[in-house]
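*Asks:* Numbering (the UniProt record's numbering), first residue to last: 1 to 113.
One structure follows; several queries about it will come next.
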Ligand code: AMP
Ligand code: ZN
């Protein structure tokens, strides 16, 4: 499925819901998380709708690689190239939006695990 009309991140990608764009590549879009957990907290999403990261990996490994590359580019641009990358997959892991997204935390020295 390319886009899901009920999906908040599909609406962001289409510009129907506003977002603060951080970066865009051919197949990914990165925008600021509304509730930042670090100096820089970006969400990187595939422009096509996939619910979970494993679905992206299975359908198109190069798209998953593009998400990681976008994260690296954000960290290069906004900080010193170092970053934390988190994918929540499933409700029990804290996933609340079921359009695959990578949390990119950077812009500072990060504490914790
Ligand atoms: P997760 O809990 O891993 O599904 O992450 C969902 C993330 O999306 C949370 O960190 C929210 O703060 C963020 N979020 C939800 N709605 C928006 C929005 N409209 N714009 C930017 N970030 C959002
Ligand atoms: Zn979606």
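Glycine is no exception: its CB is placed at the ideal position from the N, C-alpha and C atoms.
From a predicted model like this one, the values you see are computed outputs, not experimental measurements.
1) Beta-carbon within less than 8 angstroms of residue 20's beta-carbon, same chain only, minus the 5 sequence neighbours each way: which residues are those?
2) How would you write the range of the alpha helix (DSSP H) that residue 114 sits in, first residue to last?
3) Which one of 54, 16, 17, 26 has the shortest CA to CA distance from residue 90?
4) Between which two residues does the beta strand (DSSP E) carrying residue 21 extend?
5) To the nearest angstrom, report how far apart residue 75 and residue 26 are at their CA atoms.
*Replies:* Reading from the atomic positions:
1) Taking the chain shown and counting its residues from 1, the one referred to as residue 20 is at position 20. Taken in chain order, the residues that qualify are 31, 32.
2) An answer regarding residue 114 cannot be provided, because it is not within the stretch 1 to 113 covered by the chain.
3) Here residue 90 refers to the residue found at position 90 when the chain shown is read from its first residue. Residue nearest to residue 90 within the set 54, 16, 17, 26 is 54 (criterion: CA-CA distance).
4) In the chain shown, counting from the first residue as 1, residue 21 sits at position 21. Start and end: 21–24.
5) Looking up residue 75 in the chain shown gives position 75. Looking up residue 26 in the chain shown gives position 26. Rounded to whole angstroms, the gap between the alpha carbons of residue 75 and residue 26 is 18 angstroms.
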